[in-house]
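Step one of this worksheet: look at the structure below.
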Amino acid sequence: MSELSHRAVSALHGKRVGIAALMLSVGILVSRVLGYVREAVIAYQQGAGVATDAYNAAFLLPDLMNYFLAGGTLSITFIPLFGACLAQDRESVGWKLFSTIATVMGGVLLAGIVVAEVFTEYFIHLLFPDFGPAATQLTVEMTRIVLPCQFFHYIGGLILATLMAQGRFAAATLAPLVYNGSIIFFGLLLGSSMGMAGFAVGALIGAVIGPFGLSLYLARDRLQYRPHFAWREVEFRRYVLLTIPLMLGVSLVTLDEWFGRILGSAMETGTISWLNYGRRLMLVPIAVIGQAASQAALPFLSRLAGEGKRDELAMMLTRSLHYVILLALTAGGLMVALAEPTVTLVYQRGAFTALDSARATAVLELFALGIASWGVQMVAARGFYAEQNTLTPMALSTVVTLGSVPLYMTLGDLMGASGLALAATIGITTQALVTVLAYKRSNRAMSLRSLLDSTLRGLVIAGGGSLVAALMCRWMLLLPSWGVSLDALLRVTVGGVLGGAVAAGLARVLVPSDWSRLSSRVRAKLVRKRGR
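Residues in the sequence shown are numbered consecutively from 744, following this note's numbering.
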């Protein structure tokens, strides 16, 4: 295929990825807003103390089950296999694989949940030895409530993966909204009588009606499932072989939050909650930019890999990384500049004090420095996953993660919660760089020069926008006060708008082709709307 043909195919697939990414971004953004509402409600009712630490800690054991039973890797391992079956006109084989995974792995997960329910207290003592009696008891109670969530997340995620492999992203967009909405609703409904356990009940109900129920409903016209225990079949064995590295390996993408919970449990009361509040804010741009781009790209990358088009795959991956780098660097810079008023606006009310805001702000500023690295890591790893190679990225991430453990412990001892956030940023940046370089080595069609150019331009855009936003926020402190929340809202709004405007102006100069493409799409949509 000629270079011109390569570019034409890449552009066509890139447009489809862009549409899917935009759809997912909108859903993720709304979901994160709901997540903020959830965290704000929790902060207002409970502040940052024993109950909130116990609530956040209660999800660790279920998360561990999710991780080691590969529930968290469905989109990574199943979509490439299912997508390859579709690309090669073997759809019946793909559905047979789906049935086998749902039956065999679903059964294993159910058995694991039963065991975990019986031995919850033992596991919590093992995971959180420094928790006091009250925190331990609360954690045990809420862990038992949320453990069954994992079955519905797993089966729902499997159904969701079949939809995404077919280019259908509605369930992926809506399911998180239902899940977060359920937590908020039942938290408000039951919070006065059950405390934080009310939010745990909301998580369980949300898992049933969101990831599981909604995905099942939207897939009802194409879903093909029959109980199938053929665990010796070639496709299922390939799925297991692809999954084993992800089960046995470790990654900072997953373990960073675990490190915060485990190491934070030995620090002052509130540490886990401050880390959680800061991380939740940081995850918004990561999810809207990095997660959406990686989720949208994987089905298309997998199709190209299944068709043997490695050059087009590398070009699409490079283009996806280009956009993620530009957007994530800008978002990270603005979040650093606006960290303090953002935390104050979202959380500081009720039991959440100014001291809590200061601690969460310090954490967020350091987390935000790594936003671009989180996005790059998510997207770059999909290049390997699309080619059904899970061993290389997981081996690399395992080495980086294990090497980061002393860093977490050292910086945690020196700086407390802020040290853990700084360790996360250093670690994920290292992991992102290693992953990109490793993929370049495996596929020479990827352009490192293009990515370096994107990074330098992105740093200038982010630097200009964040500097203006920071100066504006500082200047507005000199104005008469309208109240804590309103002051914070005005600083976030004015600083964000002016900083964003400067960043947009710099983007128009530094990346004119991207700016022109974006402007054309916006104008086209406006014209279509007026035509209606």
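All C-beta atoms in this analysis are idealised placements derived from N, C-alpha and C, irrespective of residue type, glycine included.
Status (buried if at least 16 other CB within 10 Å, exposed otherwise) for residue i
i                 : result
phenylalanine 894 : buried
glutamate 1000    : buried
alanine 1244      : exposed
histidine 868     : exposed
threonine 735     : Outside the modelled stretch of the chain, which goes from 744 to 1275, sits residue 735, for which no answer is possible.
serine 1224       : exposed
aspartate 832     : exposed
glutamine 1174    : buried
glutamate 782     : buried
serine 1256       : exposed
tyrosine 798      : buried
glycine 814       : In this predicted model, glycine 814 has a pLDDT of only 46, less than 50, meaning its place in the structure is not dependable; the value taken from the coordinates is given anyway. So glycine 814 ends up on the buried side.
tyrosine 1151     : buried
valine 857        : exposed
tyrosine 982      : buried
threonine 1085    : buried
arginine 1046     : buried
tryptophan 1218   : exposed
glutamine 789     : buried
aspartate 796     : buried
glutamine 1091    : buried
serine 1259       : exposed
tyrosine 960      : exposed
serine 1016       : buried
glycine 1155      : buried
glycine 875       : exposed
tryptophan 974    : exposed
proline 1136      : buried
alanine 1048      : buried
serine 768        : buried
glutamine 1131    : buried
proline 1149      : exposed
leucine 1191      : exposed
Nonlocal neighbours in the same chain, by C-beta distance under 7 Å from residue i, ignoring five residues either side
i                  : result
glutamine 1034     : Ile771, Met1121
phenylalanine 1110 : Gly1021, Arg1022, Met1025, Ala1164, Ala1167, Thr1168
alanine 908        : Ile822, Phe825, Gly826, Leu829, Pro1042
leucine 998        : Thr1144
alanine 859        : Leu804, Met808, Phe866, Leu890
leucine 1222       : none
methionine 1189    : Ala1057, Leu1060, Thr1061, Tyr1182, Lys1183
tyrosine 1161      : It should be noted that the sequence gives serine, not tyrosine, for residue 1161. Same-chain partners within the cutoff: Ala1105, Val1106, Leu1109.
Sequence-distant residues of the same chain with beta carbon closer than 8 Å to residue i, five excluded per side
i              : result
leucine 1249   : Val1203, Ile1204, Gly1207, Gly1208
isoleucine 948 : Ser925, Phe929
glutamate 1050 : Ala830
valine 944     : Ile888, Phe929, Leu933, Met937
leucine 853    : Phe894
glutamate 834  : Cys828
Continuous alpha helix (DSSP H) stretch holding residue i: start and end
i                 : result
tryptophan 1117   : 1114-1129
aspartate 796     : 793-800
alanine 1299      : In the structure as shown, the chain starts at 744 and stops at 1275, and residue 1299 therefore has no counterpart that could be examined.
glutamine 880     : 876-889
valine 1031       : Element bounds for valine 1031: n/a, residue is neither H nor E.
arginine 833      : Element bounds for arginine 833: n/a, residue is neither H nor E.
proline 954       : Note, proline 954: premise wrong, no alpha helix (DSSP H); not H, not E.
threonine 1133    : From DSSP, threonine 1133 is part of no alpha helix (DSSP H); its letter is neither H nor E.
glutamate 1050    : Note, glutamate 1050: premise wrong, no alpha helix (DSSP H); not H, not E.
phenylalanine 866 : 863-870
Residues near residue i in its chain [Cβ-Cβ closer than 6 Å; skip 5 each side]
i                  : result
histidine 971      : Ser842, Thr843, Thr846
serine 1037        : Met1121, Val1122, Arg1125
glycine 1170       : Leu995, Ser1147
leucine 906        : Ala914, Ala962
threonine 863      : Val883, Thr886, Arg887
phenylalanine 1127 : Thr1135, Pro1136
CB contact check: residue i to chain D, cutoff 8 Å
i             : result
arginine 1053 : Absent from the structure is chain D; it holds one protein chain and no more.
**Request:** Give, in chain order, every unbroken run of the alpha helix (DSSP H) that is at least 4 residues long and sits entirely within the stretch 1198-1267.
**Result:** Those alpha helix (DSSP H) runs which fall completely within the stretch 1198-1267 and span 4+ residues are 1227-1253.
**Item:** Any alpha helix (DSSP H) of 4 or more consecutive residues that is wholly inside the stretch 1057-1099
**Value:** 1082-1090
**Prompt:** For the stretch 905-950, which segments carrying the alpha helix (DSSP H) assignment without a break, of at least 4 residues, lie completely within its bounds, in sequence order?
**Reply:** 913-937, 940-950
**Request:** Please specify which runs of the alpha helix (DSSP H), each continuous and at least 4 residues long, are wholly inside the stretch 960-1013, giving them in chain order.
**Result:** 977-991, 995-1007
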